[in-house]
Amino acid sequence: MALAVMLLNGASFHGGCCRHKVLLSLLGPLLSNSKLYSSYRRPGAEPEKKLSWQNADFSFKKGIDHLKTQLNLLKKEAQEYLQGPGGHPVSQCFLEQTRVLWQFRSQEDLNKWVLSSDVEIGGKSKVYIKLGRNNQAALLYGTLNTDVPRDGETKYSGYCSMRSRPAVGSFNRKKYYDWSNFNSLYLRVRGDGRPWMVNIYTDPYFSHQKDDLYSYFMFTRGGPYWEEIKIPFSKFFLSSRGRVQDNQHPVWLDKASFLTLGFTIGDKVDGPFQLEIDFIGLLNDRAHREEFAYEPYDKNTPV
-1 MALAVMLLNG
9 ASFHGGCCRH
19 KVLLSLLGPL
29 LSNSKLYSSY
39 RRPGAEPEKK
49 LSWQNADFSF
59 KKGIDHLKTQ
69 LNLLKKEAQE
79 YLQGPGGHPV
89 SQCFLEQTRV
99 LWQFRSQEDL
109 NKWVLSSDVE
119 IGGKSKVYIK
129 LGRNNQAALL
139 YGTLNTDVPR
149 DGETKYSGYC
159 SMRSRPAVGS
169 FNRKKYYDWS
179 NFNSLYLRVR
189 GDGRPWMVNI
199 YTDPYFSHQK
209 DDLYSYFMFT
219 RGGPYWEEIK
229 IPFSKFFLSS
239 RGRVQDNQHP
249 VWLDKASFLT
259 LGFTIGDKVD
269 GPFQLEIDFI
279 GLLNDRAHRE
289 EFAYEPYDKN
299 TPV
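With the first letter of the sequence shown counted as 1, position 186 gets the number 184 in this note's numbering; the numbers rise by one all the way through.
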């Protein structure tokens, strides 16, 4: 099918519109049944004026430039790997007690995060993000609205969230976070007294686990003062599609399975909210000895 797309695009380059129309008439039925062309259109969305294969760009020069960029990234990753985990010496990683994952000092730091709200399901909540005073923090603000969309299907509404973009390596490979040397999430925030949910999204091995989520609460006290919040990973509980699972297990810190980190507000209270975040990091609290805060049990107890 990729060859068919290249033929269509090549015909437009070398043979003008006549060859293009001939190839389109021959290969059009094949493309209509492939993944490159889909007749499905989301309700309320405008129909596409171009076929999906017509949006593809087969520029040779852009391909070479992209290849050079990816090779440079691969070279940088290889150098960091030879130097040590995360580009740091091994001795430094063993002695490391804190590590800053995200800090907000520029627009580039904000672009590493994605905002979402119940507008995606027809809700009315709004969420925005911008740099705080003196460009020293991220200000997440908006308005929560719990009005349920009148579509006959949605029963609950009223949430806003902020989620980090998945890290991507060279040649669009997934990059994972290794937090095995730490036992707590460490944040410096300033809120308005409303509770938040901190979520850890993972990349599961099986498709039925794609909605698995590790979550815990973050309570802000409000007021003009900053607060430093420490959340042990042993406190995070497993949920799937909004339901807390009976079969709980701790977050696997020794496996590189972390994709993104997110914050969600949905306390069912209409009105404005705001949360300032200075940085998000990790902490190795040696006074914390708890392995898991919840009691696991076997589904099928042996007789």
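Here a beta-carbon is modelled for each residue, glycine too, at the ideal position from N, C-alpha and C.
For Leu142, the closest alpha carbon among the candidates Asp149, Glu151 and Asp116 is that of Asp116. Of all C-beta pairs linking the segment 133 to 153 to the segment 107 to 125, three or more are shorter than 8 Å, placing the two stretches in contact.
For Ala76, the uninterrupted alpha helix (DSSP H) segment begins and ends at Phe58 to Gln81. Glu289 has its alpha-carbon roughly 34 Å from the corresponding atom of Gly156. DSSP links Cys158 through a beta bridge to Ser115 and Ile263. Between Arg241 and Tyr199, the alpha-carbon positions lie close to 15 Å from each other. At the C-beta level, Tyr203 and Phe234 stay beyond 8 Å of one another. Rounded to the nearest angstrom, the gap between the Cα atoms of Asp276 and Asn70 is 31 Å.
Separation of Gly61 and Ala291 (C-alpha to C-alpha, rounded to the nearest whole angstrom) is 51 Å. DSSP places Leu108 inside the alpha helix (DSSP H), whose first and last residues are Gln105 to Leu108. For Gly167, the closest of Pro270, Ile229, Asp265 and Glu78 by C-alpha to C-alpha distance is Glu78.
In this structure, the straight-line span from the alpha carbon of Ser159 to that of Asn53 is close to 31 Å.
DSSP lists Phe277 as the beta-bridge partner residues of Gln101. Linking Lys228 to Arg186 through their CA atoms gives a straight-line distance of about 9 Å. In the three-state reduction of the DSSP assignment, Arg186 falls in the strand class, which pools E and B.
Cα atoms of His286 and Lys122: separation of roughly 42 Å, rounded to the nearest angstrom.
By the beta-carbon neighbour count (other beta carbons within 10 angstroms, threshold 16), Arg188 is buried.
Rounded to whole angstroms, the Cβ separation of Leu280 and Tyr184 is 6 Å, and the two are in contact under 8 Å.
Residue pairing by DSSP places Pro87 opposite no residue, since no beta bridge is assigned to it.
Following the DSSP letters along the chain, one finds Lys124 inside the beta strand (DSSP E) bounded by residues Lys124 to Leu129.
The C-alpha of Asp55 is placed about 17 Å away from the C-alpha of Lys47. In the structure shown, Lys233 adopts helical secondary structure according to DSSP, grouped into three states. Ser178 places its beta carbon 8 Å or farther from that of Phe231. Between the alpha carbons of Arg284 and Lys173 lies a distance of about 28 Å. The C-beta distance from Phe217 to Pro193 rounds to 5 Å, short enough to meet the 8 Å contact threshold. Rounded to whole angstroms, the Cβ separation of Asp201 and Leu257 is 5 Å, and the two are in contact under 8 Å.
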